[in-house]
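A.B. asks: So the sequence shown is numbered by the working numbering: it starts at 17 and just counts up by one.
Cβ coordinates follow ideal geometry from the N, Cα and C atoms, glycine included.
Quantities reported herein were computed from a predicted structural model and do not represent experimental measurements.
Below you'll find the structure I mean.
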Amino acid sequence: MLFALLAGIATYLMYANNILAFRHLNIIYTVLLVAVFLISLVLIIRKKGKIVVTILLVIFSIVTAISLFAFKSLVDVANDMNQSASYSEIEMSVVVPADSSISAVTELSSVQAPTNADGSNIDALISQIKSDKGVDLATETVDSYQAAYENLINGSSQAMVLNSAYSSLLELSYDDYES
């Protein structure tokens, strides 16, 4: 009974968390546990080999208990790593000068953005604006967010795309910058 309980819990943990899910090791482990259980059950029903059955079940109960401990430890370590992992979320936006008459993205036809440095985020923002607002903004490529900001404050562009991760760099470089 103890072996069946340990084997069942270990097998559940193994499949629920995809442990040993390569080269069919999880299937081999399950077949081995089922085979030991069936052989032991047959020998117990026929009342033969009591010592062999006892030794077999004790050994495989220990092996299964160790496996269960290892699986549980692995799951706990993975959960701890996931909880302590740091992640960051960036926010992409279209910005205009504070004194600009532009109040909505629908009033724009183009924006400046460093597509060579941050192309995937910029493309995602432009696609979202196109689907949400129905505006197909042309993107004028600049070298950096700093260059786009300089063009914005000197009036050579109406708007720029800004990645929030670069906002603090602009704050450090420009006294008049406000996020």
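Exposed or buried, what is residue 57 when buried is set at 16 or more other beta-carbons lying within 10 Å of its beta-carbon?
C.D. replies: As a working mapping, residue 57 is identified with position 41 in the sequence shown. Residue 57 should be labelled exposed.
A.B. asks: How is residue 174 classed by DSSP in three states: helix, strand or coil?
C.D. replies: As a working note, residue 174 is residue 158 in the sequence shown. Three-state DSSP puts residue 174 in coil, outside helix and strand.
A.B. asks: Compare the Cα-Cα distances from residue 192 to each of 114, 89, 173, 174 and report the closest residue.
C.D. replies: Here residue 192 corresponds to residue number 176 of the sequence shown, with the count starting at 1. With distances taken between Cα atoms, residue 192 lies closest to 114.
A.B. asks: Sorted by chain position, which residues of the same chain lie with C-beta nearer than 8 Å to residue 63's C-beta, five sequence neighbours on each side aside?
C.D. replies: Residue 63 sits at position 47 when you count from the first residue of the sequence shown. Here the set comprises nothing.
A.B. asks: Have a look at 179, 189, 23 and flag the residue whose alpha-carbon is nearest the alpha-carbon of residue 104.
C.D. replies: Within the sequence shown, numbered from 1, the residue matching residue 104 stands at position 88. It is 179 whose Cα lies nearest to the Cα of residue 104.
A.B. asks: Report the option in 111, 76, 153 whose CA atom is closest to the CA atom of residue 24.
C.D. replies: In the sequence shown, residue 24 corresponds to position 8, counting from 1. Measuring from the Cα of residue 24, the nearest candidate turns out to be 76.
A.B. asks: Kindly give me the distance between the Cβ atoms of residue 151 and residue 129, rounded to whole angstroms, as I take these residues to be in contact under 8 Å.
C.D. replies: The residue you call residue 151 lines up with position 135 of the sequence shown. The residue you call residue 129 lines up with position 113 of the sequence shown. That belief does not hold up - the Cβ atoms of residue 151 and residue 129 are roughly 15 Å apart, past 8 Å.
A.B. asks: So, helix, strand or coil for residue 30, using DSSP?
C.D. replies: Translated into the one-based positions of the sequence shown, residue 30 becomes position 14. DSSP places residue 30 in the helix class (H, G or I) of the three-state scheme.
A.B. asks: On the DSSP bridge list, what partners appear for residue 109?
C.D. replies: Locating residue 109 in the sequence shown gives position 93, where the first residue counts as 1. Beta-bridge pairing links residue 109 to 178.
A.B. asks: Is residue 177 near residue 164, with beta carbons less than 9 Å apart?
C.D. replies: The count along the sequence shown starts at 1 and reaches residue 177 at position 161. The count along the sequence shown starts at 1 and reaches residue 164 at position 148. Cβ atoms of residue 177 and residue 164: closer than 9 Å.
A.B. asks: If we ignore side chains and look at the alpha-carbon of each, how far apart do residue 174 and residue 120 end up?
C.D. replies: For the purposes of this step, residue 174 is taken as residue 158 along the sequence shown, with counting starting at 1. For the purposes of this step, residue 120 is taken as residue 104 along the sequence shown, with counting starting at 1. Distance between the alpha carbons of residue 174 and residue 120 is about 12 Å.
A.B. asks: Looking at the strands, I want to know which residues DSSP matches up with residue 155.
C.D. replies: Position 139 of the sequence shown, counting from 1, holds the residue named residue 155. Answer is 127, bridged to residue 155.
A.B. asks: Applying the criterion that 16 or more other CB atoms from any shown protein chain within 10 Å of the CB defines a buried residue, is residue 80 buried or exposed?
C.D. replies: Mapped onto the sequence shown, residue 80 falls at position 64. Under this definition residue 80 is a buried residue.
A.B. asks: Looking only at its chain, what residues have a beta carbon closer than 8 Å to the beta carbon of residue 49, apart from the 5 residues adjacent to it on each side?
C.D. replies: Position 33 of the sequence shown, counting from 1, holds the residue named residue 49. Cβ contact annotation for residue 49 (same chain, cutoff 8 Å, sequence separation greater than five): 23, 26, 27, 76, 80, in chain order.
A.B. asks: Rounded to whole angstroms, what is the Cα-Cα separation between residue 96 and residue 170?
C.D. replies: In the sequence shown, counting from the first residue as 1, residue 96 sits at position 80. In the sequence shown, counting from the first residue as 1, residue 170 sits at position 154. One C-alpha to the other measures close to 50 Å.
A.B. asks: Taking residue 89 as the reference, which of 70, 109, 35 has the closest Cα?
C.D. replies: What you label residue 89 is simply residue 73 of the sequence shown in a count that begins at 1. The shortest C-alpha separation from residue 89 is found at 35.
A.B. asks: Note the first and the last residue of the continuous alpha helix (DSSP H) segment covering residue 183.
C.D. replies: Here residue 183 refers to the residue found at position 167 when the sequence shown is read from its first residue. Counting along the chain, the unbroken alpha helix (DSSP H) around residue 183 starts and ends at 183–189.
A.B. asks: Can you tell me which of the three DSSP states residue 35 falls into?
C.D. replies: Translated into positions along the sequence shown, residue 35 becomes position 19. The answer is coil: DSSP assigns residue 35 none of H, G, I, E or B.
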